[in-house]
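What follows is a set of notes on a single structure, which appears directly below.
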Amino acid sequence: MVDLVRRADKGSDEIEGRLVELLFGISNNIRLQPTILPAWFVPRITPVNQDGDSAAAPGAEFAGATRKDEFPLFYLLVDYVHNEGRAGDFARTGLLYLIETASRSKNLEKWLIESDLATLMATGLGALYSQLGR
Numbered sequence: 105m106v107d108l109v110r111r112a113d114k115g116s117d118e119i120e121g122r123l124v125e126l127l128f129g130i131s132n133n134i135r136l137q138p139t140i141l142p143a144w145f146v147p148r149i150t151p152v153n154q155d156g157d158s159a160a161a162p163g164a165e166f167a168g169a170t171r172k173d174e175f176p177l178f179y180l181l182v183d184y185v186h187n188e189g190r191a192g193d194f195a196r197t198g199l200l201y202l203i204e205t206a207s208r209s210k211n212l213e214k215w216l217i218e219s220d221l222a223t224l225m226a227t228g229l230g231a232l233y234s235q236l237g238r
C-alpha cells in the first residue's frame, strides 16, 4: 500500500487529494483502534545491556534521525502537510490523529521525540514563509 502511494501519479490535485484521504482514513482507524498500530509502526529495537542501559555505541542513536522505514505512513502524510486545499487538510488532521495516538503508545511517543519531525516541520514552515510577500 505504501508503495502504491509513493508510485502513484501525483500530477493532479484530485489524485493527490484521494491518496491523502486514504492515508487519513488509515490514521483515523489507528486513532480509533490503537491495537492496529503495530501493523503500520515497527520501531527499531535497541539492544539493552544487563544494567538497563542502551548497548548501542555512543552517538549511534541521536534525536533527529530519519526513520522512514519504521513508520512510513507518518512520512507520507508529512509530505503533504504544507499543501493547500483538501490534501493539506487531510494530511494535517491525519498527523494530528497519529500524534494523539502517541499518548497511548510509549514506543510511538519515544519515536516521535527522537524523529526528525521538528526539523521537517521547521524547514517546511521556513519555505512557506519565504514565499510570503514583503
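Residue numbers (my numbering): 105 to 238.
Note that beta-carbon positions come from the ideal geometry of N, C-alpha and C, so glycine has one too.
Residue 133 versus residue 228 - alpha carbon distance
In the sequence shown, the residue the question calls residue 133 occupies position 29. In the sequence shown, the residue the question calls residue 228 occupies position 124. Rounded to whole angstroms, residue 133 to residue 228 spans 27 Å at the Cα level.
So residue 174 packs on residue 147, CB below 8 Å; how close in whole Å?
As a working note, residue 174 is residue 70 in the sequence shown. As a working note, residue 147 is residue 43 in the sequence shown. Separation of the CB atoms of residue 174 and residue 147 is rounded to 5 Å, and the pair is thereby assigned contact status at 8 Å.
In this structure, how does DSSP classify residue 209 when only helix, strand and coil are distinguished?
Numbered from its first residue, the sequence shown carries residue 209 at position 105. Residue state, collapsed to three classes: coil.
Thinking C-beta only, is residue 171 closer than 8 Å to residue 219?
Mapped onto the sequence shown, residue 219 falls at position 115. Mapped onto the sequence shown, residue 171 falls at position 67. Contact: yes.
Alpha-carbon spacing of residue 198 relative to residue 216, whole angstroms:
Residue numbering aside, residue 198 sits at position 94 when the sequence shown is read from its first letter. Residue numbering aside, residue 216 sits at position 112 when the sequence shown is read from its first letter. If I take the Cα positions, the gap works out to 15 Å.
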